[in-house]
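Worksheet: the structure to be examined is printed underneath.
Numbering (the numbering used here), first residue to last: 32 to 686.
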């Protein structure tokens, strides 16, 4: 493919496939703002203006809370607000209905200014049943609003949720603004006569609730109506019923006399750079980044994967992009998945495999094979709470040691981590670049939180992304499979079938000069050192570590990696606004680290390292740089709260 062809294909991926063919998913912010301008002007006059609000939708896993949150997010993005979301799934596949084990939640923080996190505490809790109230009431802000579906508060459901008395009647909600509505009954009335069974009719109650929330916060219903018509094109009666419920919820807010209980609000649009935006999740941007990276390298992409939470959506997403050169294979197990990817790399494709912690453990032996064979391979690890099965739908950062050190013998490999859903795009491209340039596996650490969370993303101009084309070796003179590039120390990549370049590679140690099998002790020492040097030299090919917020020296640096970025950034920003001497350093390249890291860290009196694990990066920093870094750990399966980090920073600086 020509240079122009590669870029045209990549541009087509974003501008045609994802805008035209999937226009129902796109959030055209500029266009949306123009369409809504007149309507907003009229509605804003009677609404209280807020800078930001945090809403949490919670209910049984069958209540459609994720769909409700997603559609509210789309409408919010069209309004021009900045936003961040946090879907929180139950771990049980089929938890008993009405129990706390089956509660599913979706939180969205939207604002008229730049935000980095889905919010610490919800201002509004939508509780569709007693179990949802039981699980999430403790997080609600003081004086917050609760919207309750009283139709689900039966004696049986109250008991299943673990209540000894009815929370609607025992005074436990007196410190909140509780809006008690029989949503179930009103939903049934809204779809009466449309031919649905009572069970199917009740499944529309999430749309009724969404309609009410759209009224309260001035959101447009049209994106949801369009989505329903498209989603249920073959079942128009289902689309009609859901639209009826959506409109009924909105009408209830407009006509019911609840003004004394509920105030309507408007959140002005946020200032953003001009361009085309859409709301993205980390899975989506990872998908597009990997495919873009492969095209920038000029190779086809092959994904060998085995389904595992929360990595499975990457397989689903890439399998829908076959027309852009993505080849996907669902293997029968984790070992087969990575071995198929290694085989694809040997064949001249970019091998890619994905999993989570338990699956990465199973891939470990094959990772060693890829390292000693020196083949390009990208391993995407969507981290989740462990060990073993652990809490598969909850987030954690506990695979850093596994990524950096978790193989037999001395087998270093590059490790990078993404910090936001948008950053997943750039990290994916960087993983492809390092893998193909240095002929090595690369571990790309993602997280369950980033995979599912959403934020607005300005679609990039792919022409501005530098190409890094692969050059397959074709010269037959003096060829040896482990001859090395003088700068990168990478061995040549030979496409199978190239005349005169027949060779073999494998897991047994090879002779440095000939590539033949070798058991010579001195040769093994040399090969081990060379492989390590190749990876260590990558530090000279990555950007110098910068300070995300603050000065390059001072009293304290808060050092993070991965999804802790938003919470740390907000906490440091608040502290700096009050004059505290604190900076934020966020590390993308975990191994090897940037060449200036030692000098940068030495400029601070205190180093605080917040992590969603029991202290892994902090140990790595201590071991490599002999610095007095202090851990701040959280292993709850939930992201850090800004307020918790801010309190820790202030306390330590005060001491």
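Where a beta carbon is used, it is the ideal one built from N, C-alpha and C, also for glycine.
Fair warning: this is a prediction, and the values are worked out from it, not measured in the lab.
CB-CB under 8 Å to residue 606, same chain, minus the five flanking residues each way: which ones, in chain order?
Excluding five sequence positions before and after residue 606, the CB atoms of its chain that fall closer than 8 Å to its own CB belong to 613, 677, 680, 681, 684, given in chain order.
Using a Cβ-Cβ cut-off of 7 Å (strictly less than) and excluding sequence neighbours within five positions of residue 123, which residues of its own chain qualify?
132, 133
With distances taken Cα to Cα, identify the nearest neighbour of residue 603 among 619, 581, 593, 620.
Nearest option by C-alpha distance: 581.
Specify the secondary structure class of residue 131 as computed by DSSP and reduced to three states.
helix
By DSSP, does residue 262 sit in helix, in strand, or in coil?
helix
Please list the terminal residues of the continuous beta strand (DSSP E) segment that includes residue 590.
DSSP places residue 590 in the uninterrupted beta strand (DSSP E) bounded by 585 to 592.
Ordered along the chain, which non-local residues of its own chain (more than five positions away) have a Cβ less than 6 Å from that of residue 718?
Absent from the structure is residue 718, since the part of the chain shown begins at 32 and ends at 686.
On the three-state DSSP scale, how would you describe residue 569?
helix
Specify the secondary structure class of residue 250 as computed by DSSP and reduced to three states.
coil
Can you check which of these residues, 456, 639, 266, 272, is closest to residue 317 by C-alpha distance?
456
Name the DSSP bridge partner or partners of residue 477?
413
Mapping the DSSP letters down to three states, classify residue 144 as helix, strand or coil.
coil
Helix, strand or coil, according to DSSP, for residue 394 in the structure here?
DSSP places residue 394 in coil when its eight states are reduced to three.
Cβ-Cβ distance between residue 140 and residue 150 below 8 Å
Contact: yes.
So what's residue 632 in DSSP terms, helix, strand or just coil?
helix
Euclidean distance between Cα positions of residue 327 and residue 147
Linking residue 327 to residue 147 through their CA atoms gives a straight-line distance of about 30 Å.
Tell me the rounded alpha-carbon separation between residue 573 and residue 620.
Each residue's alpha carbon lies about 8 Å from the other.
Secondary structure of residue 517, DSSP reduced to three states:
coil
Helix, strand or coil: which one does DSSP assign to residue 522?
coil
Which residue wins for smallest C-alpha separation from residue 399, given the options 541, 439, 382, 425?
439
On the three-pair Cβ rule with 8 Å, is the segment 179 to 190 touching the segment 201 to 219?
yes
Report the residue from 468, 498, 486 whose alpha carbon sits nearest the alpha carbon of residue 523.
468
Residues of its chain near residue 161, where Cβ-Cβ distance is below 8 Å and the 5 sequence neighbours each way are ignored:
129, 183, 184, 188, 189, 191, 192, 194, 198
Residue 556, buried or exposed, once every other Cβ within 10 Å from all chains shown has been counted against 16
Residue 556 should be labelled exposed.
If you draw a straight line from the C-alpha of residue 634 to the C-alpha of residue 622, how long is it?
When rounded, the separation of the alpha-carbon atoms in residue 634 and residue 622 is 21 Å.
At which residues does the beta strand (DSSP E) containing residue 211 begin and terminate?
208 to 212
Cα-Cα separation between residue 142 and residue 474, rounded to whole angstroms:
35 Å
Give every residue of the same chain whose Cβ lies closer than 6 Å to the Cβ of residue 321, excluding the five residues on either side of it in the sequence, and list them in chain order.
Taken in chain order, the residues that qualify are 459.
Can you tell me whether residue 253 is buried or exposed? The criterion is at least 16 other CB atoms within 10 Å of its CB, across all chains shown.
So residue 253 counts as exposed.
Residues of its chain near residue 598, where Cβ-Cβ distance is below 6 Å and the 5 sequence neighbours each way are ignored
148, 671, 673, 676
Please list, in chain order, all residues of the same chain as residue 482 whose beta carbon is under 6 Å from its beta carbon, the five residues on each side excluded.
313, 314, 341, 413
Collapsed DSSP secondary structure at residue 534 in the structure displayed:
DSSP, read as helix, strand or coil, puts residue 534 in coil.
What's the gap between the Cα of residue 382 and the Cα of residue 404?
13 Å
Tell me which same chain residues have a C-beta within less than 7 Å of the C-beta of residue 559, skipping the five on either side of it?
Once the five neighbours on either side are set aside, the close Cβ partners of residue 559 are 441.
Status (buried if at least 16 other CB within 10 Å, exposed otherwise) for residue 689
What is shown of the chain runs 32 to 686, which leaves residue 689 out entirely.
In its own chain, which residues sit with a C-beta less than 6 Å from the C-beta of residue 116, not counting the 5 before and 5 after it?
104, 139, 149, 484, 485
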